[in-house]
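>
Numbering (the working numbering), first residue to last: 591 to 904.
(1) When you compare the segment 660-679 with the segment 862-880, are there three or more beta-carbon pairs, one atom per stretch, that lie closer than 8 Å?
(2) Consult DSSP for residue 594 and reduce its assignment to one of helix, strand or coil.
(3) Relative to the C-alpha of residue 744, which residue among 680, 712, 603 and 798 is closest?
(4) In this structure, how does DSSP classify residue 757 when only helix, strand and coil are distinguished?
(5) Helix, strand or coil for residue 793? Go by DSSP, reduced to three states.
(6) For a test of the three-state rule: what should DSSP assign to residue 603, helix, strand or coil?
(7) Kindly indicate which residue of 891, 878 and 889 has the alpha-carbon position closest to the one of residue 666.
(8) Taking C-alpha atoms, which residue in 684, 639, 713 and 741 lies nearest to residue 898?
(9) How many Å lie between residue 890 and residue 696 at the Cα?
(10) Please confirm whether residue 812 and residue 715 have their CB atoms less than 8 Å apart.
(11) At what residue ranges does the segment 693-737 contain a whole run of the alpha helix (DSSP H), taking only runs of 4 or more?
(12) Report the option in 832, 900 and 746 whose CA atom is closest to the CA atom of residue 543.
(13) Can you list, in chain order, the stretches of the beta strand (DSSP E) that have 3 or more residues and sit fully within the segment 829-884?
(14) Three or more C-beta pairs under 8 Å: does that hold for the segment 839-849 against the segment 770-788?
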């Protein structure tokens, strides 16, 4: 009887949360959210298209940018159906299996984005601190190996904690904090022993996201030390200018993820609207802003995009 009961609980669906208190305006809110997703898809596809079709952009820096755009595109694809489904009113619930799968992609893609940002920091470090060996260090073969390592890291470290979700018993109210599934949201509803999930999840954050952030910071300390040693003010500014886009990308990734973590850990007393807002910023802000930042701040990308639109206008 207990087994049947557990099976029934685990096979039940979870209620997706839209925008608390603004359910009446869901259809109106769906319009800006649909526009944001459209911009995410078009912006990241444009970056990928420009890098693929422009031979002058076939360089390590832009290969890493293509990885970032691909990751952001996948993040949008992994959440668009539930976020817009809730707002448009044709999706209110999600099954456990589907929820676990979405959770895997969201957390795996977050880890992948962090890894790509670290690789981009390494690229900027080599370009500024060791420019004469740049092409010999970051060869096409090395970039391919880095790409494989990033994929393996993000896809193989997540499954142990995600698979465990399937075997937990969920007896608390099956109401998610967001219109998508997160690991920390699911274990909040579990009545089973969640020590493994909590400890492994914390270990993942410390050994990956936190470690990546520290390594990125160290790389920029070394870059700044090298730049300050350059005699020419113009050369200093030129060197730092190549890092501006990456610094912005790092900030718009880490600030929302830290904010969401703080809200889930210490913000139980906060309004559900704050949880929803932070969740959507975490999911949508980096994929939306990265193409804009790189299109504006990276001269080669900006020129190619302008050329692309001028050809279409003709």
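C-beta atoms are modelled at their ideal positions from N, C-alpha and C, and glycine is treated no differently.
Since the model is a prediction, treat every value here as computed from it, not as a measurement.
Let's see:
(1) yes
(2) Since pLDDT at residue 594 reaches only 38, below the 50 mark, its modelled position is unreliable, and the value read off the structure follows with that caveat. Note: residue 594 maps to helix in three-state DSSP.
(3) 798
(4) helix
(5) helix
(6) strand
(7) 878
(8) 639
(9) 31 Å
(10) yes
(11) 724-727
(12) This structure gives no information on residue 543, because the portion of the chain shown stretches from 591 to 904.
(13) none
(14) no
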